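Beneath this line is the structure, given in structure tokens, with notes to follow.
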Amino acid sequence: MDLFYTPTRNVMSDDGVTDVVVPTSTYYLTARTFDRQRLETMLNNVGSSSKLSGIHGVALVHVVAITQTGKVPLAAGKTVNVPARCSP
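Here my numbering runs 379 ahead of the position in the sequence shown, where the first position is 1.
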């Protein structure tokens, strides 16, 4: 919850976004999937495997926001308007 849900709500509030509920998931709120120590251990193990050769790392190739009208590409350091809609 501390790595996704709460920060997301805070950013949306800071940006003046209202009437949009951040979805909760019992899986992500209870699982240790995004636990900081667990992620660090996993990434360190990837880099130290004897089966790897050459240069390896972790990177996002691209990120898109999926809207009702299509995909909106996102890029680091750039502001993009992404339409939001609240369904009752």
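We treat Cβ as the ideally placed atom computed from N, Cα and C, and that holds for glycine.
Every value quoted in this text rests on a predicted model; they were computed, and no experiment measured them.
Identify which residue in Asp398, Pro402, Leu453, Gly395 has its Cα closest to the Cα of Thr385.
-> Working through the sequence shown from its first residue, we reach residue 385 at position 6. Of the listed residues, the one whose Cα sits closest to Thr385 is Pro402.
Straight-line CA distance for Phe413 to Pro462?
-> For this step, residue 413 is matched to residue 34 along the sequence shown. For this step, residue 462 is matched to residue 83 along the sequence shown. Using only the alpha carbons, I get a separation of about 28 Å.
Integer Cβ distance of Pro452 from Val440, believed to fall under 8 Å | To locate residue 452, count along the sequence shown from 1; it is residue 73. To locate residue 440, count along the sequence shown from 1; it is residue 61. That belief does not hold up - the Cβ atoms of Pro452 and Val440 are roughly 12 Å apart, past 8 Å.
Please report the residue range of the alpha helix (DSSP H) in which Pro452 lies.
-> Residue mapping note: residue 452 aligns to position 73 of the sequence shown, counting from 1. Unbroken run through Pro452 is the beta strand (DSSP E), 449-453; no alpha helix (DSSP H).
Just the Cα atoms here: how many angstroms apart are Asp394 and Arg388?
-> For the purposes of this step, residue 394 is taken as the residue at position 15 of the sequence shown. For the purposes of this step, residue 388 is taken as the residue at position 9 of the sequence shown. Taking the straight line from one Cα to the other gives about 10 Å.
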